[in-house]
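Chemist: Input: one structure, supplied below.
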């Protein structure tokens with residue numbers, strides 16, 4: 024008898040719940056009555072939506088090369104960290120890097136190679152990649168500081184970029200035109216350096 028009463032009570036509760044649901048009006052998602060009662064499902068389009076042609080641009084070659092290259096291994100990252108630690112804050116260091124084809128870990132360095140750096144190179148003698156020191160003609164730290172000085176002291180210079188063999192110097196196109204050429208603009212505005220300069224006509228960078 025007791026089990027029959029329990030079953031009857033459960034059935035009655037279920038019927039009352041259904042009746043309550045039936046009395047509530049339907050509500051579309053986002054309507055004023057509060058929480059939506061259902062989610063509207065729509066079929067996927069038969070063809071993928073194409074982006075406007077002006078938004079579809081080819082990737083630069085260097086980016087494509089990096090995407091096609093093998094992944095960087097943890098051993099390579101470890102070698103980079105060891106080279107960076109061995110080089111420290113020396114102005115002769117241009118920092119470590121990894122080649123695009125993932126076959127070399129290198130450190131750009133000016134002058135004699137310190138024992139600590141050479142020890143890292145020797146440590147990876149049997150590795151599946153090469154660890155080497157690439158000699159550069161000028162101290163990278165000093166070249167970097169000089170690039171900053173040129174940009175700060177000369178309004179005609181719109182930007183600078185240090186490189187291993189000197190400094191790229193971007194000069195405002197109007198200045199170049201008024202001077203009659205790139206090197207003429209350097210001379211007229213007294214833009215000189217103890218490092219080789221490679222001038223280009225280029226306006227200031229405009230943030231998007």
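Residue numbers (the working numbering): 24 to 231. Think of the CB as a built atom: it goes at the ideal place given N, C-alpha and C, for glycine as much as any other residue.
When DSSP builds the beta bridges, which residues end up paired with residue 147?
Modeler: For residue 147, DSSP records no beta bridge to any residue.
Chemist: From the DSSP output, which residues share a beta bridge with residue 153?
Modeler: DSSP output for residue 153 lists 127 as bridge partner(s).
Chemist: Tell me whether the stretch 204 to 215 and the stretch 188 to 195 touch, counting them as touching only if at least three CB pairs, one residue from each stretch, are closer than 8 Å.
Modeler: yes
Chemist: Check whether the Cβ atoms of residue 105 and residue 117 sit closer than 7 Å, and answer yes or no.
Modeler: no
Chemist: With 16 other CB atoms within 10 Å as the buried threshold, where does residue 94 fall?
Modeler: exposed
Chemist: If you compare alpha carbons, which of 113, 171, 147, 179 is closest to residue 200?
Modeler: 179
Chemist: Is it true that the CB of residue 183 sits closer than 7 Å to the CB of residue 170?
Modeler: If you check the CB distance, residue 170 and residue 183 come in under 7 Å.
Chemist: Considering only C-alpha positions, which residue in the set 121, 126, 209 is nearest to residue 103?
Modeler: Of the listed residues, the one whose Cα sits closest to residue 103 is 121.
Chemist: To the nearest angstrom, how far is the alpha carbon of residue 186 from that of residue 149?
Modeler: 31 Å
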